[in-house]
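With our numbering as the guide, the letters of the sequence shown map in order to residues -4 to 400. Below you'll find the structure, written out as structure tokens, and then a few comments.
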Amino acid sequence: MNILFISVSAPPKTGAESLQVARFLSEVTKFGNVTLVTSKPLNEGWKKTDASLTHYLKDLNKVIHVHTNLNKYVRFLAGKVDRDFLNRPDADFLFYKKWKSVIKQIDVKPDIIYARASPFSSLLLGLKLKEYFQVPMFSHFSDPFYFNPYSSKNEFRRKAELEIIKKSDLISFTTYLTKEFYSKKYSEYENKFLVIPNVYEDECLQSENEKSLKKDKITISYTGNLYGERNFSSILRALKLIHQNKPDVLKQIKINIAGNIQSEVKKEIELYDFDCINYLGVITQKECEDLNCNSDLLLVIDKKFESEIDKVFLPSKVLDYIVLRKPVLAITSKDSETFNLIQDKYGVALDHDQITKIAEFLIEIVTGDYDLSSLIKKKPPEFYSASYQRGILLQNFQQLVDEKG
């Protein structure tokens, strides 16, 4: 089976979606001949590369790089003239506009197109190539598109989402709540919808967790980006409460943050000026894995619940955490995907406004006779393993190819 895999996000680029693409590339090359179409890697701003991720590309037939970077002056002027110009559908819009150039570089006609977003320019390129090659297309929404609370809305994005849903042969979503949300919005197309979650690599699965030993200092780590409503406010307010009531406890806590931080979020962290917080900047995937392995408690933070769409997200880092058999503290709203997975299974889930409970939990794990490993009550679900989802993908790919005849 010849598979055309399309994703702006792909190794050696860093980021959650790029890592997921890496894992799926590793799996689909086991049953198909894969050509990858992605954007040219860059090292600027929040865009970083990690050379250690290139091994995921070794079994590909070909990698086609599309140049999508706009001159910064052109980008500045375009933003001044029309703010929405750079969001049609996203900052990587040149990716799909260069579809004719991509076609010239494809050596073998694909049997199927597998396009993953975000960014959603990946799916728009997929539609162009689907029309040209007249083959089925399997689209994946790693996040909501038009309804994403982290992105601006415009008429182009609304129409683009509808076109993707109409023309894709199958569409997968990362969580059941996302599928449920889209089934309500586009009920006439819900027979196309299924769930393909973020996955963990089977070889990363750790053995049974051992009883946590009492330590002089508890290490808590957060790996990932912080921006907008996904910020550190709840943790900072809890630390302030601890400082006011049990200041010595802060001497027994070390909190690592690794990833990009938006300037406003960074200013808030600096304003509190806690010595226990250690910002590491952007680190490699290997450094990230080592950091998590050497931590006692891993932290995940969701956006505060404001509307129905906010609860559908499940950060892929949650899976990276639970396969390490490390307890998780999730700052999330009740009934979110994160809450439903973590609470009473792999750690503790507390709401953003439960500042006192967050503080009490941190105090207890430091001062009490508390075995953090006792928070882990289940094995990581097989449903989230890359090898399990490989079987689901193969079944659906084969069905689409057979139907095309």
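Backbone N, C-alpha and C fix where the C-beta goes; we use that ideal spot for every residue, glycine too. Since this is a predicted model, take the numbers as computed values, not measurements.
Identify which residue in the options has its Cα closest to the Cα of residue i.
| i | options | result |
| --- | --- | --- |
| Val343 | Asp54, Gly254, Lys372 | Lys372 |
| Cys199 | Pro7, Cys288, Asp397 | Cys288 |
| Phe136 | Ser167, Lys148, Leu124 | Ser167 |
| Glu377 | Gly386, Ile160, Phe356 | Gly386 |
| Glu183 | Lys162, Tyr171, Thr169, Gln201 | Lys162 |
| Asp401 | His62, Asp211, Tyr274, Leu294 | Residue numbering for the chain in the displayed model covers -4 to 400; residue 401 lies beyond these limits and cannot be assessed. |
| Pro144 | Pro242, Tyr177, Ile337, Glu224 | Glu224 |
| Gln280 | Ala17, Val3, Leu345, Ile(-2) | Ala17 |
| Ser134 | Ser146, Glu284, Leu120 | Leu120 |
| Ile160 | Thr169, Tyr177, Leu172 | Tyr177 |
| Lys8 | His60, Glu185, Asn56, Asp54 | His60 |
| Lys299 | Val277, Asp330, Glu284 | Asp330 |
| Leu48 | Leu319, Thr63, Ser21, Glu332 | Ser21 |
| Phe356 | Ser369, Lys340, Leu324, Ser328 | Leu324 |
| Leu122 | Lys92, Leu286, Ile358 | Lys92 |
| Lys56 | Ile101, Lys42, Asn64, Arg153 | Note that residue 56 is Asn in the sequence shown, not Lys. Closest by alpha carbon: Ile101. |
| Ser116 | Thr63, Asn149, Ser96, Ile98 | Thr63 |
| Thr170 | Glu196, Phe334, Asn226 | Phe334 |
| Trp41 | Gln239, Val97, Gln257 | Gln257 |
| Tyr316 | Leu345, Ser328, Cys283 | Cys283 |
| His50 | Lys174, Leu345, Ala5 | Ala5 |
| Thr44 | Lys148, Glu158, Leu389, Ile278 | Ile278 |
| Ala354 | Glu265, Asn240, Asp397 | Asn240 |
| Glu196 | Asn226, Ser147, Glu265, Val318 | Val318 |
| Leu388 | Phe19, Val3, Glu265, Lys95 | Phe19 |
| Glu301 | Asp346, Lys246, Asp243 | Asp346 |
| Arg320 | Ser311, Ser328, Tyr341, Lys312 | Tyr341 |
| Thr362 | Asp397, Ser328, Leu245 | Leu245 |
| Gln338 | Val313, Ile360, Ile358 | Val313 |
| Gln201 | Met(-4), Pro375, Asn391 | Pro375 |
| Leu266 | Asp366, Thr173, Phe227 | Phe227 |
| Ser290 | Ser368, Leu395, Glu332 | Ser368 |
| Val3 | Val58, Arg152, Ala46, Lys235 | Val58 |
| Asp54 | Lys95, Ile(-2), Trp94 | Ile(-2) |
| Tyr379 | Arg153, Ser311, Asp138, Phe142 | Ser311 |
Pull up the DSSP beta-bridge partners for residue i, would you.
| i | result |
| --- | --- |
| Arg225 | Tyr222 |
| Asp377 | Checking the sequence shown, residue 377 turns out to be Glu, not Asp. Bridge partners of Glu377: none, in fact. |
| Ile371 | In the DSSP output, where bridge partners are listed per residue, Ile371 has none listed. |
| Phe133 | Tyr109, Leu165 |
| Ser34 | Val61 |
| Ser47 | Paired residue(s): none; Ser47 is not in a bridge. |
| Phe90 | DSSP lists no partner for Phe90. |
| Tyr217 | Ile252 |
| Glu39 | Lys42 |
| Leu(-1) | Thr30, Ile108 |
| Asn56 | Answer is none; Asn56 lacks a bridge partner. |
| Ile272 | Ile250 |
| Lys8 | Thr44 |
Could you tell me if the beta carbon of residue i falls within a distance shorter than 7 Å of some heavy atom in the ligand HEM?
| i | result |
| --- | --- |
| Gly27 | This structure lacks the ligand HEM; in fact it carries no ligand of any kind. |
Since residue i and residue j are thought to touch, with beta carbons under 8 Å apart, how far apart are those beta carbons, to the nearest angstrom?
| i | j | result |
| --- | --- | --- |
| Lys187 | Leu165 | 6 Å |
| Ile296 | Ile326 | 5 Å |
| Ile1 | Val32 | 5 Å |
| Leu275 | Leu309 | About 24 Å; that fails the 8 Å criterion. |
| Leu292 | Ile213 | 7 Å |
| Phe140 | Glu156 | 5 Å |
| Pro322 | Leu370 | 4 Å |
| Arg98 | Leu124 | Looking at the sequence itself, residue 98 is Ile, so the reference to Arg does not match. Contact holds; Cβ gap of about 7 Å. |
| Glu332 | Leu172 | 5 Å |
Decide yes or no for the touch test of the stretch 217 to 225 against the stretch 239 to 254: beta carbon pairs closer than 8 Å, at least 3 of them.
yes
Entirely within the stretch 92 to 119 and at least 3 residues each: give me those beta strand (DSSP E) ranges in chain order.
107 to 112
For the stretch 108 to 116 against the stretch 1 to 18, are there 3 or more C-beta pairs whose distance is under 8 Å?
yes
Fully enclosed by the stretch 143 to 213, which alpha helix (DSSP H) runs are 4 residues long or longer?
150 to 162, 171 to 180
Pairs of beta-carbons, one from the stretch 19 to 30 and one from the stretch 85 to 95, closer than 8 Å: are there three or more?
no
Taking three-plus beta-carbon pairs below 8 Å as touching, is the stretch 34 to 47 in contact with the stretch 93 to 110?
no
Are three or more beta carbon pairs between the stretch 292 to 311 and the stretch 231 to 239 nearer than 8 Å?
no
For the pair the stretch 258 to 271 and the stretch 184 to 193, tell me if three or more CB-CB distances fall below 8 Å.
no
Should the stretch 122 to 133 be called in touch with the stretch 331 to 351, which here means at least 3 C-beta pairs below 8 Å?
no
Inter-stretch contact at 8 Å, needing at least 3 Cβ pairs: the stretch 257 to 267 / the stretch 383 to 398
no
Just list the alpha helix (DSSP H) runs in the stretch 285 to 373, keeping only unbroken ones of 4 residues or longer that don't cross its boundaries, in chain order.
312 to 317, 332 to 337, 350 to 362
Could you tell me which uninterrupted beta strand (DSSP E) segments, each at least 3 residues in length, are contained entirely in the stretch 228 to 262, listed from first to last along the chain?
248 to 253
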